[in-house]
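First residue of the sequence shown? That's 526 in our numbering, and the numbers climb one at a time after it.
C-beta: ideal position from N, C-alpha, C; glycine also.
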Amino acid sequence: MSQVTEITIDQLYDFKTCPLRFKLKEIDKLPRIKSEEEVGLRGAILATLSYYYTNLHEGKLLTLEEMKEKFTSIFFEKNKIYNIQFDSKNSQRKKEIEAYGMLAAFHRQQKFNPDKTVAVNLDFRVKIDTDFYVTGRIPVIRETSRGHEIVTFKTSSQRPTEFHQKTDMTLTLMAIAFHSMFRQQANSIVLHHLRTGTPYFVDRKQKDYQRLYKSVKMMKESMDRGWYYPNEGYQCATCPAQNYCMEWR
Ligand code: SF4
């Protein structure tokens, strides 16, 4: 099996959640495994916010209607890239309503006081080890009274726990990427919980970087050894690869 030399943050999360599912999706590339509803919703919302910020960076403040329209085009017909597996028509509608609520709350906060963007959709590639990189994207860096602030978004219904705020891999990777691109630590990092409109301020220091490097190197070591084992757990209930997984011996 060819060695993995570059991986996205989302693929890294997939690997952490279940190494076998990661292999079925990303290495064996079995007939396209659909995204779960929650993953699809998150992808469509983040793409909508990316569209909002791209416009804002160019001086155009989108209306809420324009944002909803964009979201709908991604979530339903026009854009199939998320290949979302809906449980039913009703649950599809429910997710749409949830998304509109999040977009409305976000737009209310931006309407009279839009962010002063410094950079939008900033792609990065962090070197973890010789010939191994993690790629990702910082959605927004904005100018605030706290200084340059990395902004990320969370769509899940649970609020981020203190543990999550302190250890989340995405936030640490973004902090490392910012540090390497701007030659200094970000002044502030905020995790914006879209369902409640609450900002959670977090920080990342050298010791957090060390934890990240150690953990990702261990995952890479597992990949190199071909340890793509099934990790049966709560995540199996909605796993779109169940049928393939059942055959694994
Ligand atoms: S059903 Fe569970 S164990 Fe099997 S691939 Fe999916 S997540 Fe992994």
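Can you determine whether any heavy atom of the ligand SF4 sits closer than 8 Å to the C-beta of arginine 633, and answer yes or no? It does not: the Cβ of arginine 633 is nowhere closer than 8 Å to a heavy atom of the ligand SF4.
Give me the Cα-Cα distance between tyrosine 578 and tyrosine 725, rounded to the nearest whole angstrom. Going by the C-alpha atoms only, they are around 20 Å apart.
Does the distance between the C-beta of glutamine 767 and the nearest non-hydrogen atom of the ligand SF4 fall short of 8 Å? Result yes, Cβ under 8 Å from the ligand SF4.
Using a Cβ-based criterion (distance less than 8 Å to any ligand heavy atom), does glutamate 562 qualify as near the ligand SF4? Residue side-chain check: glutamate 562 keeps its Cβ at 8 Å or more from all non-hydrogen atoms of the ligand SF4.
Heavy atom of the ligand SF4 less than 8 Å from the Cβ of glutamate 757, yes or no? At least one heavy atom of the ligand SF4 is found less than 8 Å from the C-beta of glutamate 757.
Can you find a heavy atom of the ligand SF4 that lies under 8 Å from the Cβ of tryptophan 752? No, the ligand SF4 has no heavy atom inside 8 Å of this Cβ.
At which residue ranges does the region 645 to 711 contain complete alpha helix (DSSP H) runs of 4 or more residues, listed in the order of the chain? Restricting attention to alpha helix (DSSP H) runs no shorter than 4 residues, the region 645 to 711 encloses them at 687 to 692 and 694 to 707, ordered along the chain.
What separation, rounded to the nearest whole angstrom, lies between the Cα atoms of threonine 677 and histidine 717? Those two C-alpha atoms are separated by around 6 Å.
Out of Ser681, Pro639, Thr660 and Met694, which one is the CA nearest neighbour of arginine 667? Ranked by how close their Cα comes to the Cα of arginine 667, the residues Ser681, Pro639, Thr660 and Met694 have Pro639 in first place.
Which two residues bound the contiguous alpha helix (DSSP H) that contains phenylalanine 596? Secondary structure note for phenylalanine 596: its alpha helix (DSSP H) is the uninterrupted segment 589 to 600.
Grab me the residues of leucine 555's own chain with a C-beta within less than 7 Å of its C-beta, minus the 5 sequence neighbours each way, in chain order. Same-chain partners within the cutoff: Leu549 and Tyr769.
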